Amino acid sequence: MANYAHPEVLVNTDWVASHANDPNVRVVEVDVDTKAYDEGHAPGAIAWPWNTHLCDTVVRDILAKSDFENLMTQSGINNDTTVVLFGDNNNWFAAWALWQMKIYGHKDVRIMDGGRKKWLAEGRPLDTKPTTATPSARKYQASAPDYSIRALLPQVQQAQKSASAVMIDVRSPQEFTGEILAPPGLPETCQRGGHIPGARSVPWGKACNDDGTFKSLDDLQKLYGAEGVKANSQVIAYCRIGERSSHTWFVLKYLLGLNNVTNYDGSWTEWGNLVGAPVERGAAKSAGQS
Amino acid sequence: MNPTNYSERKVEIDGWQVNLTTYQLGDKWHSKADNVSPGAALARTVADSREEAEAQALERARALLSRTKRNPV
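For the record, the sequence lines run as chains X and S.
Using the numbering used here, the first residue of the first sequence is number 1, and each one after it goes up by one.
Using the numbering used here, the first residue of the second sequence is number 1, and each one after it goes up by one.
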């Protein structure tokens, strides 16, 4: 981990195991499959179901500041708590949670490299009884939202028109081409298939090793460099609903150290439903082709 | 409890790549089928044996995958 631009944002499974009873550390499991935690979880870890705890459940949006503060307070998290996030699917929604925590200015939040998959594969202990957090005595104070790491539709439209950013589509090749509208088994919540014109196809999983850990700095530089991403590039990552792209956002921002990278959480379920939005179909072109 | 006998293997169902993860926790076997590239979890099952858990997971995965519409590109 030492070669990454910000190695302090990653911990390994050993670190988590050895901090299970550390009062300054809160370990949180955030899974795509919200039933996974109930099956068994790392001792001491609490769960944040992404679909109820990490979004506004009425308006399509991230948590409001007050809701975020309540979640932190109820989870026993103070402003100076070290929060370690992990989950299934190589940390998709753990990255989503980290992205929101950074929007609201939490200083020390980290990802457990390899996520739930590595914890299971290593045969580490699992508790089947849910962990109950003791709420913090002091109310958590979030910062004003930092939207410099979030791309909203007008910014994405402007960037697409002016070709001012490298647009990274992190979905599967079949979603990128328009062959399918959503991953199998998930609701097809868009009207059109394809991708934002000019986007590069770099499926999120290419950033991971088989054991779920992140690839080396060298491999990541080659992967994104081949798609035209440079150290000073402005990059917008998107997927279907914004969680897979938060994984890529994390890689680009913290492992590669890019300063100007945003997560477009509206993603394809916004763009693919817009009347009149330009859509491109078919396979990815190689970098440099227009 | 510690999970044991963790395994992963890739299988193809109707042209889709599926990743099948199985492990034992206590006297139960847990299996999960997910679609390798998009990564969505298709099925999660618990049974008394590895064979039973995996067969159930694959059956549910096949049912979901068969309903996924593929558009000509």
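Quick reminder that beta carbons are idealized off the backbone N, C-alpha and C, glycines included.
Just so you know, these numbers come straight off a predicted model, no measurement behind them.
Closest by C-alpha distance to residue i, when choosing among the options
i: L63(X); options: Q234(X), W96(X) and V32(X); result: W96(X)
i: P72(S); options: N51(X), G114(X), E179(X) and S136(X); result: E179(X)
i: G212(X); options: K117(X), W99(X), Y37(X) and Q174(X); result: K117(X)
i: A144(X); options: V166(X), S245(X) and Y104(X); result: Y104(X)
i: K69(S); options: Y37(X), G228(X) and A182(X); result: A182(X)
i: T131(X); options: A36(X), N273(X), L217(X) and I46(X); result: I46(X)
i: R171(X); options: I149(X), L252(X) and S267(X); result: S267(X)
i: D108(X); options: R244(X), L71(X), N79(X) and S201(X); result: N79(X)
i: V275(X); options: L217(X), R192(X) and N232(X); result: R192(X)
i: N232(X); options: K253(X), G205(X), N209(X) and G272(X); result: K253(X)
C-beta atoms of residue i and residue j nearer than 8 Å
i: F68(X); j: A142(X); result: yes
i: N91(X); j: H195(X); result: no
i: R26(X); j: G76(X); result: yes
i: H53(X); j: V83(X); result: no
i: W119(X); j: A42(X); result: yes
i: D261(X); j: A237(X); result: Correcting the residue type first, residue 261(X) is Val in the shown sequence and not Asp. Against a cut-off of 8 Å, the Cβ pair of A237(X) and V261(X) comes out as a contact.
i: D169(X); j: R200(X); result: yes
i: V166(X); j: V229(X); result: yes
i: A36(X); j: D88(X); result: yes
Amino acids of chain S, ordered along the chain, whose beta-carbon sits closer than 8 Å to that of residue i
i: T134(X); result: Within 8 Å Cβ-Cβ: nothing; T134(X) doesn't reach chain S, min ~24 Å.
i: T177(X); result: V73
i: K35(X); result: R44
Which of helix, strand or coil DSSP assigns to residue i
i: S49(S); result: coil
i: D169(X); result: strand
i: I111(X); result: strand
i: S245(X); result: helix
i: L65(S); result: helix
i: A25(X); result: Residue 25(X) is actually Val in this sequence, not Ala. DSSP places V25(X) in strand when its eight states are reduced to three.
i: R150(X); result: strand
i: V30(X); result: coil
i: D56(X); result: strand
i: E12(S); result: strand
i: S290(X); result: Any answer about S290(X) is weak, because its pLDDT of 48 lies below 50 and its placement is not dependable; what the coordinates show is given next. Note: S290(X) maps to coil in three-state DSSP.
i: F84(X); result: As written in the sequence, residue 84(X) is Val, which differs from the Phe given in the question. Note: V84(X) maps to strand in three-state DSSP.
i: W99(X); result: helix
i: K28(S); result: strand
i: Y140(X); result: coil
i: T238(X); result: Looking at the sequence provided, one finds Tyr at residue 238(X) rather than Thr. Of the three classes helix, strand and coil, the one that applies to Y238(X) here is strand, per DSSP.
Neighbourhood of residue i by C-beta, 6 Å cutoff - its chain only, sequence neighbours within 5 removed
i: G40(X); result: L126 and T128
Cβ shell of residue i (< 8 Å), same chain only, five flanking positions each side left out
i: P197(X); result: Q160, P278, V279 and E280
i: K222(X); result: none
Per-residue contacts from residue i into chain X (C-beta, under 8 Å)
i: L64(S); result: P184 and G185
Any non-hydrogen atom of the ligand ATP within 7 Å of residue i CB
i: N89(X); result: What this structure holds is no ligand at all, so the ligand ATP is not there to describe.
Cβ-based neighbour list, residue i, same chain, cut-off 7 Å, excluding 5 preceding and 5 following
i: E270(X); result: L153
Listed by chain order, chain X residues near residue i by CB distance under 7 Å
i: W29(S); result: Near W29(S) there are no residues of chain X at all, since even the closest Cβ is about 12 Å away, more than 7 Å.
i: L25(S); result: G40 and L126
Partner residues on chain S for residue i, Cβ-Cβ distance less than 9 Å
i: I180(X); result: P38, T68, K69, R70 and N71
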